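The structure appears right after this line, and notes come after that.
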Amino acid sequence: MSLAVAILLFCAVGAWAEDLAAEEQYRPAYKPEYPSYQPAYPSYPSYSKPAYPSYPSYPSYPAYPKYCDPKAAPKCAENSTDHWCLTDEEYPVYEVKYAIDYDPLVLKKYADVADQSANDLVDGVSKEQEEKFDYSFYKGKQFDEGNWVGGEGFICPSDVAYSRPLRAKNTAGEWRVIVQDIAWPTYTQTQRTETCLFPEAACRTLAPCHFSKCLQKHTVHRMLSFDPCDERRGVFIDTYKLPSACSCHIPVKA
93 MSLAVAILLF CAVGAWAEDL AAEEQYRPAY KPEYPSYQPA YPSYPSYSKP
143 AYPSYPSYPS YPAYPKYCDP KAAPKCAENS TDHWCLTDEE YPVYEVKYAI
193 DYDPLVLKKY ADVADQSAND LVDGVSKEQE EKFDYSFYKG KQFDEGNWVG
243 GEGFICPSDV AYSRPLRAKN TAGEWRVIVQ DIAWPTYTQT QRTETCLFPE
293 AACRTLAPCH FSKCLQKHTV HRMLSFDPCD ERRGVFIDTY KLPSACSCHI
343 PVKA
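For reference, each letter of the sequence shown is one residue, going 93 to 346 in the numbering used here.
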């Protein structure tokens with residue numbers, strides 16, 4: 093009996109194996125589709141070859157300040173033979189005032205007699221007389237090569253002025269700005285100048301045999317000044333040669 097059971101069991105296993113083989117034959121193959129792997133890389137900028145200049149570039153430096161020549165005549169004196177200016181369109185008011193404000197000793201350097209006239213400075217001649225003796229007073233008078241003929245007046249005619257120069261050439265030949273008419277306190281510097289009307293001409297009323305001639309005299313004045321070419325100096329005292337008198341000179345006879 094056990095033999096029969098074994099035979100039946102063998103037959104059953106064989107039939108099961110045949111069924112399994114038949115089932116595997118008709119079962120479709122399982123092949124899942126996986127997406128293709130394509131990693132996303134970051135995009136980098138594209139660099140082009142730099143364009144280099146043919147010559148090296150040098151840094152730009154600021155322009156040097158224009159050279160200021162202290163002996164060059166300012167605009168106010170370009171068309172004049174005088175060594176001073178009574179008018180000046182380029183007067184540095186702000187710079188001069190700044191220098192005065194920051195100079196504690198400025199009042200010790202400054203002094204002026206604003207009201208001057210012949211009444212105080214010329215003995216025997218009044219202010220009105222001095223003002224009358226100008227070029228028009230002497231013009232047209234009788235004159236020859238050696239002698240003026242006339243009455244009242246000076247032997248050597250001259251022009252007298254009480255002025256306040258704004259610029260002047262100092263005794264070293266350099267032009268300076270003169271401190272004038274600056275706001276409170278008002279700084280003025282009045283100078284009396286006397287200029288020969290006819291320099292080198294014969295003296296009036298003298299005989300021709302004396303060979304006289306009128307000569308220009310000068311006086312050195314001290315004035316509070318400002319250097320437009322070197323503002324760091326501030327205000328200082330400088331010296332100026334101004335015409336002071338016209339005198340008659342009789343030379344020694346040879």
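Here a beta-carbon is modelled for each residue, glycine too, at the ideal position from N, C-alpha and C.
All figures in this text were calculated on a predicted structure; none of them were measured in a lab.
Identity of the residue in G326, Y126, F246, K163 nearest V271 by Cα: Here residue 271 corresponds to residue number 179 of the sequence shown, with the count starting at 1. Closest option to V271, Cα to Cα, is G326.
Distance between P137 and S128 (C-alpha atoms, nearest Å): Here the question's residue 128 lines up with position 36 in the sequence shown. Here the question's residue 137 lines up with position 45 in the sequence shown. Going from the Cα of S128 to the Cα of P137 covers about 27 Å.
Whole-angstrom distance between F318 and Y254, CA atom to CA atom: Within the sequence shown, the letter at position 162 stands for residue 254. Within the sequence shown, the letter at position 226 stands for residue 318. In a straight line, the C-alpha of Y254 is about 21 Å away from that of F318.
Neighbourhood of L307 by C-beta distance below 6 Å, restricted to the same chain and skipping five residues each side: In the sequence shown, the residue the question calls residue 307 occupies position 215. The answer, listed in chain order, is S339, H341.
Sub-9 Å separation of K333 and H175 beta-carbons: Stepping through the sequence shown from its first residue, residue 333 is reached at position 241. Stepping through the sequence shown from its first residue, residue 175 is reached at position 83. Yes, the Cβ-Cβ distance between K333 and H175 is below 9 Å.
Whole-angstrom distance between C301 and C168, CA atom to CA atom: Working through the sequence shown from its first residue, we reach residue 168 at position 76. Working through the sequence shown from its first residue, we reach residue 301 at position 209. When rounded, the distance between both Cα atoms is 43 Å.
Spatially closest choice to E187 from P320, V252, Y139, K261, by CA coordinates: Sequence index remark: in the sequence shown, residue 187 carries index 95 (1-based). Cα-wise, what sits closest to E187 is P320.
A191 in three-state terms, based on DSSP: Numbered from its first residue, the sequence shown carries residue 191 at position 99. Looking at A191 - three-state DSSP - the assignment turns out to be helix.
L199 burial status per 10 Å Cβ neighbour count (16 or more: buried): For the purposes of this step, residue 199 is taken as the residue at position 107 of the sequence shown. Exposed, by the Cβ-count rule.
Residues of its chain near K201, where Cβ-Cβ distance is below 6 Å and the 5 sequence neighbours each way are ignored: Within the sequence shown, residue 201 is the residue found at index 109, counting from 1. So the list reads L316, I329, once near-sequence residues are dropped.
Burial state of R296 (16 or more Cβ within 10 Å): Here residue 296 corresponds to residue number 204 of the sequence shown, with the count starting at 1. Looking at its Cβ environment, which holds 16 or more other Cβ atoms inside 10 Å, R296 is buried.
Which listed residue (Y279, I274, D322, N262) has its alpha carbon closest to that of V312: Here residue 312 refers to the residue found at position 220 when the sequence shown is read from its first residue. Minimum Cα distance to V312 is reached at N262.
Reference D273; option with closest CA among A264, P184, K163, L298: The count along the sequence shown starts at 1 and reaches residue 273 at position 181. Among A264, P184, K163, L298, the Cα nearest to that of D273 belongs to P184.
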